[in-house]
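Trainee: Have a look at this one before I ask anything.
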Amino acid sequence: MTDKSTDELIELALDGLIGQPVKNALAPAFSGDSLPRLDTSKPNFHDNKREFQLEKDVVAAVIHHLEGIIDQFVYENDDHERSKMRDRLETAVDEAAIVASRRTNVQTPRDLAVRNVAETGFFLSSMFVIINTMECYKIRLRDLEDQEKQFWSVPHRPPNYYARTIALRLARLYAKTHQAKPTFGIARDGNHPSTEFGRALEQIFAALEIKASVRGAAEWAIGQLTEDEINPPQRGLLGALLGSPGDPPLPKKSSNNATCDIVEALLKGQST
Numbered sequence: 000m001t002d003k004s005t006d007e008l009i010e011l012a013l014d015g016l017i018g019q020p021v022k023n024a025l026a027p028a029f030s031g032d033s034l035p036r037l038d039t040s041k042p043n044f045h046d047n048k049r050e051f052q053l054e055k056d057v058v059a060a061v062i063h064h065l066e067g068i069i070d071q072f073v074y075e076n077d078d079h080e081r082s083k084m085r086d087r088l089e090t091a092v093d094e095a096a097i098v099a100s101r102r103t104n105v106q107t108p109r110d111l112a113v114r115n116v117a118e119t120g121f122f123l124s125s126m127f128v129i130i131n132t133m134e135c136y137k138i139r140l141r142d143l144e145d146q147e148k149q150f151w152s153v154p155h156r157p158p159n160y161y162a163r164t165i166a167l168r169l170a171r172l173y174a175k176t177h178q179a180k181p182t183f184g185i186a187r188d189g190n191h192p193s194t195e196f197g198r199a200l201e202q203i204f205a206a207l208e209i210k211a212s213v214r215g216a217a218e219w220a221i222g223q224l225t226e227d228e229i230n231p232p233q234r235g236l237l238g239a240l241l242g243s244p245g246d247p248p249l250p251k252k253s254s255n256n257a258t259c260d261i262v263e264a265l266l267k268g269q270s271t
């Protein structure tokens, strides 16, 4: 018997597969480093397909509307009229946010956070929140799409749904870290995995007490990976604007591009 906790066993398996996490310089102030790298929670099942479809439709609609907000502030560099409009709007929104925040008595940490956001430039800060919110909803939509393929598109619930879910999450983590598809094989000298991915998944299954075929779950998960997950095209808003070799042409950074202003401010840590 081992005296290590389930989380510790999983982290050891991940260390061998993708390496140890890089320490965050802000770790003394924030607890982000303590968050698990692999989500091992069980999928949030719905009681019926109608309930599932309602959530999926709402999440997709939220993403659509959030993208619409960002689209209003993406324009060509020489669109001076739109640039002036954006500057006027930013000033008006920032001033309105400051007035509103000063009318509110700070009684809770949330009140203080809202006031700090207003005092440091509500227009840009709200864009950060919108972008991050959009990414969170996209993660939820992907989870729902996974559930739809594995649960709501088959006559009966797959017996190893949780095993498949963990295997897929691990495969995506591997692909994101290495920008390569994981592999799976069986060693000649025994019925155990011969690849790093297979061995890590076996260890994680043992830690979570998942009684399922490692091989079946691993091969299924590897087969579900898309090219975008293996070689991300930088479609995320911030990643796309920063650009990378091979990406499609994007508007150049300038004072007339509001979204680039957002990225620039984010990279500076809102230091201005």
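In numbering that gives the first Met the number 0, the protein residues as written are 0 to 271.
Backbone N, C-alpha and C fix where the C-beta goes; we use that ideal spot for every residue, glycine too.
Roughly how many angstroms separate the alpha carbons of residue 202 and residue 208, rounded to a whole number?
Mentor: 10 Å
Trainee: How many angstroms separate the CA atom of residue 186 from the CA atom of residue 197?
Mentor: 10 Å
Trainee: Start and end of the alpha helix (DSSP H) containing residue 143?
Mentor: Annotation: the continuous alpha helix (DSSP H) that includes residue 143 extends over 121 to 146.
Trainee: Give me the DSSP bridge partner(s) of residue 192.
Mentor: 185
Trainee: Please report the straight-line C-alpha distance between residue 4 and residue 42, rounded to a whole angstrom.
Mentor: About 22 Å.
Trainee: Pull up the CB-CB distance for residue 93 and residue 127, whole angstroms please, since I reckon it's below 8 Å.
Mentor: Rounded, the Cβ-Cβ distance is 14 Å, inconsistent with contact.
Trainee: Over the uninterrupted alpha helix (DSSP H) stretch that includes residue 60, give me the two end residues.
Mentor: First-last of the alpha helix (DSSP H) with residue 60: 48 to 70.
Trainee: Let's see if you can read the secondary structure: which residues bound the alpha helix (DSSP H) around residue 223?
Mentor: 213 to 223 is the extent of the alpha helix (DSSP H) around residue 223.
Trainee: Beta-carbon within less than 8 Å of residue 160's beta-carbon, same chain only, minus the 5 sequence neighbours each way: which residues are those?
Mentor: 42, 149 and 150
Trainee: Within 10 angstroms of its Cβ, does residue 141 collect 16 or more other Cβ (buried), or is it exposed?
Mentor: exposed
Trainee: So, at 7 Å on beta carbons, what are the nonlocal neighbours of residue 68 in its own chain, with the 5 sequence-adjacent residues on each side left out?
Mentor: 129
Trainee: Rounded to whole angstroms, what is the Cα-Cα separation between residue 180 and residue 173?
Mentor: 7 Å
Trainee: Exposed or buried, what is residue 58 when buried is set at 16 or more other beta-carbons lying within 10 Å of its beta-carbon?
Mentor: buried
Trainee: Excluding the 5 residues preceding and the 5 following residue 124 in the sequence, name in chain order all residues of the same chain whose CB lies nearer than 6 Å to its CB.
Mentor: 116
Trainee: Per DSSP, what kind of secondary structure is residue 95 in: helix, strand or coil?
Mentor: helix
Trainee: What does the alpha-carbon distance come out to for the pair residue 221 and residue 214?
Mentor: 11 Å
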